[in-house]
Structure formats: C-alpha cells, structure tokens
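Q:
Chains as they are written, first to last, in the working numbering: chain A, 1 to 130; chain B, 1001 to 1231.
#1: So with Cβ pairs under 7 Å, would you call residue 12/A a contact of chain B?
#2: Could you pull the start and end residues of the beta strand (DSSP E) that residue 1215/B belongs to?
#3: Would you identify the three-state DSSP class for residue 1043/B, choosing helix, strand or coil?
#4: Report back the beta-carbon spacing between residue 1141/B and residue 1150/B to the nearest angstrom; my notes put them in contact at under 8 Å.
#5: Report the neighbours of residue 113/A on chain B: residues whose CB is nearer than 8 Å to its CB, in chain order.
#6: Taking the Cβ atom as the reference point for each residue, do residue 132/A and residue 36/A lie within a distance shorter than 7 Å?
#7: In terms of alpha-carbon separation, which member of 1039/B, 1041/B, 1004/B lies closest to residue 1023/B?
#8: At a CB distance below 8 Å, what residues from the region 1001-1016 of chain B approach chain A? Give them in sequence order.
#9: Determine the chain B residues that contact residue 67/A at a beta-carbon separation under 8 Å, and present them in chain order.
#10: Could you check whether the region 97-106 of chain A touches the region 32-46 of chain A, counting it as contact only if at least three pairs of C-beta atoms, one from each stretch, sit closer than 8 Å?
#11: By the 7 Å beta-carbon criterion, what residues does the region 1088-1105 of chain B contribute toward chain A?
#12: Strictly below 8 Å CB to CB, what residues from chain B border residue 48/A?
#13: Do you know how far the Cα of residue 34/A is from the Cα of residue 73/A?
#14: So the alpha helix (DSSP H) residue 126/A belongs to, where does it begin and stop?
#15: Residue 75/A touches chain B at which residues, Cβ-Cβ below 8 Å?
#16: Does residue 79/A come within less than 7 Å of chain B when only Cβ atoms are used?
#17: Okay, do the region 1042-1053 of chain B and the region 1066-1074 of chain B touch, 3+ Cβ pairs below 8 Å being the bar?
Written out as structure tokens, the structure is:
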C-alpha cells in the first residue's frame, strides 16, 4: 500500500454503500480493487448477453442474465442497482413478451451503464490509493 | 476440530473467489476444487468423496438441486444463492444452511458452526461401512448391511428387520437416514428406510420385501424409481 495512505480511509463514490463494503472485506483495499475489477469484467460480458437476450426477445435468457448480474452489484456495494435488477428479474418471471418490459429494460440499461462507470472510476482511484 | 474437505460449485467468478477467501481465512475447510457448472462438478464428485459442498442453485446447464439428485452419496450442503425462494427446496433436500450472496465472513462462520456442531464426523466416513452397530438388549450388536431388509419407525424407537430377527433400538428414521450407507439404503416413507437390494417388487405406492408390504410416499416415489435399474 502507498505508505502515504497507510492510515487513510478511501472515500468511495456516494452510491457505493461503504458500510456494506467494509462488512464484506474489512479494509483490505487491494482485495476490494480485485473484486471491483473482476466484477467489471463479468459485467462487461453479461451486459452483452443482456442486450442480445432482449433483442432476440428471449425472456428466459433475459431472466438468467439478470440473475447473474444481480450479485455483482451486491459484491460491489451498489445496493440500489442490485435492488433494481432484482425487480427486473421478478418482472421477467411474469412477462410474456419483451414488449411488456421495454421501459424497464431501457431504465435498467442506463443503470447498468452508470454502475459500470462508477466501478471503473473507483477501481482506478483505488489502484492509485493502494 | 477435523477439517472438512469441500468443493465450491459456483459460476460467478467473484462469488467463487470470495467463498474461497472465506474458506482459507477460516482454516476449517480444505477446498479440493472449484467448478463453474454442475457437469464438471459431478465428474469430480463421482470419483472423489468430499464432506461438504458449497453449492450455487442457478448455473448454466443444470441447477444445484439437479446435482444433488445425481450424486451417489450425501455430503453436507451449504447453498449459496441470491434468491430466497429456494429456501423451501433447501429444506426438502436437507441442506445444512443457506447463504444469501453476498454474505459476510461472520455469517459464513455461522454456517460452518452449524455443520461442525451437528456432526464432528464427516458425513461419508460414518456411512460408507458395510456394517453398523446398534444398541439392543444392553449389547452392541453388529448388523451387516446385507442382512438388513428394512428399518421401521416406532415413535422414539426403530425396528431393524432382518430375515431371521428383529431388533428394536432407541433411534429415529431421520437420524439414521443421515448416518446409514446411502448406496444401499433409502428412505421411502417417513416411517421406513429400506435396503434397495432387497426389493422383490413394486406395485403402485407400495413395495414388497420378503413378503412384507411397505408404503412409498408419493413425493419419494420418483426418487425410488430413479435408484432402480429399470430396463
């Protein structure tokens, strides 16, 4: 760890639940950066599946990919994002067609983008911090 | 405390890595392998015995419950999932604990405590022998698995039935189900565990062993048929 930051506390983005992060990883910033990085890689891959599932109107696939993405937000402290994706997953369980969930899909797509941006920024800042 | 041999079956890398970290930090389990899907896990588990599975439910290909349907012995199971709706199935499969992802290290330790408090002895070591000892008439009596036809519940007691004799001992079907050799024995009703090798025939919701009629629970009938070689 950067000796200058040895006794300092990292300030996460305000949308990341700091208490939740510390409850999982304590103050192991190196590991937190690894989790953020690994989650970003998985999110990149799953976002592609999310888009293609929606575009091919494949509701079961959409449900599967949202189920897989959900804990990624949980592991990274983006708990509001996690809650939103859980709601979308529930919508998919009851939807008969993607046309019924278009608005929610668009909203969630934006939210996923925002989540990835937040994680990317904090991952970069963490890497400099440690 | 004996370390448990376990495997992690989880398709999400960050979750599998976190679980591995918890296992290593606890120094209470040996992680023998990590598998991202049911098929690769089953391939390992069919030729290796472990004490404990950390098992995700929704994975590509098949679910964690399907793995439990296809494994030939009964290790302890801790389910790791992000959906609480699986709690009922978990209960049916006699799962030891249920960790909702992401869980804290303290919650992980609680789950291990539950398992190790219930049974200091790893599950398979207690049920892989070809015989058991039961307490009856003030003695410890050895019964070879091959001699036991079935076991019947009698409230707080159970009756071990062989071709020649019957032995009554203080025990429960639930307790025996966990400890007796799973390769040969199976619970077919809340009051009966039978030796699968002794079935003479099956008719509708009953089976016959040595001329004795034994009921099969409706919810266990499919599992019983799965365990038989039907050509």
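Every residue gets a Cβ at the ideal spot worked out from N, C-alpha and C, and that includes glycine.
All figures in this text were calculated on a predicted structure; none of them were measured in a lab.
A: Inspection of the coordinates gives the following:
#1: no
#2: 1212-1215
#3: helix
#4: Contact doesn't hold; Cβ gap of about 17 Å is too wide.
#5: By Cβ distance, chain B contributes nothing, its closest Cβ being about 19 Å from residue 113/A, past 8 Å.
#6: What is shown of chain A runs 1 to 130, which leaves residue 132/A out entirely.
#7: 1004/B
#8: 1011, 1012, 1013, 1014, 1015
#9: 1058, 1082, 1083
#10: no
#11: 1101, 1102, 1104
#12: By Cβ distance, chain B contributes nothing, its closest Cβ being about 15 Å from residue 48/A, past 8 Å.
#13: 14 Å
#14: 102-129
#15: 1014, 1015, 1018, 1101, 1102
#16: no
#17: yes
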